[in-house]
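Engineer:
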Amino acid sequence: LLGELRVVDQVDSTNARVLECLESGSGHGLAILAEQQTAGRGRRGRAWLSPFGAGISLSVGWQFQGGVQLLEGLSLAVGVALARALERFDVPGVRLKWPNDVWCQGRKLAGVLLELSGDLTDRCAVVVGVGLNVGLAEAAARGIDQPWIDLATVRPGVARNELAAAMLDELLTLLNDYPRAGFAAYRSSWERLDQFAGQEVSLHTASTEWRGSNLGVDASGALLLDIDGEVRRFHGGEVSLRAS
Ligand code: BTN
């Protein structure tokens, strides 16, 4: 499944490099793993901090024959794949925060950024980018605007290379199976891992703050909230969720 694995010391963004290859028609099955990113990208236009040796910065490129609807729910399924990789090393208490943050002890351990390329009707390509905190020193992490945790705190002694290999293995399996399996094969696992299952949550869209009770996700991966007795559906993208 793996076309090529490039391990680099420093790069602007592993996602940017894989995306560039996909856009020039190569990059299917390409994985880039970096010790440091100088311009790591986060969701919603944020920067992602990746100081030297402090984490795992990994991107995988994949091309699909078919339209972008094939990818529905993929970003949530990536969270499930990462949880499975972490569970191989007995990392305790791994949870997911919709749509795809990996949490541990109520704080963020890893983030996922999917970037698309291709015409999106007949062919689409995706970069799956994952950043996982392994040993983030307090000083280096100053400026992160959300509660974070690292692997060294929750499960010391995990070999970074072995975990990166397990993550890659889970991601390649997922990408290979996804056109056939779809989100249906991951939905119940996602719901079992949901950090906020059954809880009251608040959700911020560009214009509104919604509060409601978390009912889980639908078949497309949209979040379902019961707001004053009415079920509303929220899609990923420009929204953020928190406990209310
Ligand atoms: C988030 O905001 O939670 C998503 C963070 C994704 C960071 C990873 S690190 C590897 C890959 N390259 C990037 O530039 N971003 C992703």
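Quick note: the sequence shown uses full-length UniProt numbering, first residue 85, plus one each step.
The beta carbon of each residue, even a glycine, is placed where N, CA and C say it ideally should be.
All of these numbers come straight from a predicted model, not from anything done at the bench.
#1: Run the CB neighbour count on L254, radius 10 Å, all protein chains shown included, and call it buried at 16 or more, exposed below.
#2: Just to confirm before moving on: does the CB-CB distance between S201 and L142 stay below 9 Å?
#3: Quick one: what does DSSP say A194 is sitting in, helix, strand or coil?
#4: In three-state terms, what does DSSP make of D253?
#5: Can the beta-carbon of V196 be found closer than 9 Å to that of L220?
#6: Would you be able to state if there are at least three C-beta pairs under 8 Å between the segment 138-158 and the segment 101-116?
#7: Verify the contact flag: N99, CB atom, against every heavy atom of ligand 1, threshold strictly below 8 Å.
#8: Report back the beta-carbon spacing between C208 and L155 to the nearest angstrom; my notes put them in contact at under 8 Å.
#9: Within the same chain, show all residues whose beta-carbon is closer than 6 Å to that of D185, passing over the 5 residues directly before and after it, in chain order.
Structural biologist: From the atom records:
#1: Before going on, a small fix: residue 254 reads as Glu here, not Leu. E254 should be labelled buried.
#2: Remark: C-beta atoms of S201 and L142 do not approach each other more closely than 9 Å.
#3: strand
#4: Note: D253 maps to helix in three-state DSSP.
#5: No. Outside cutoff.
#6: yes
#7: yes
#8: 7 Å
#9: K192 and G195
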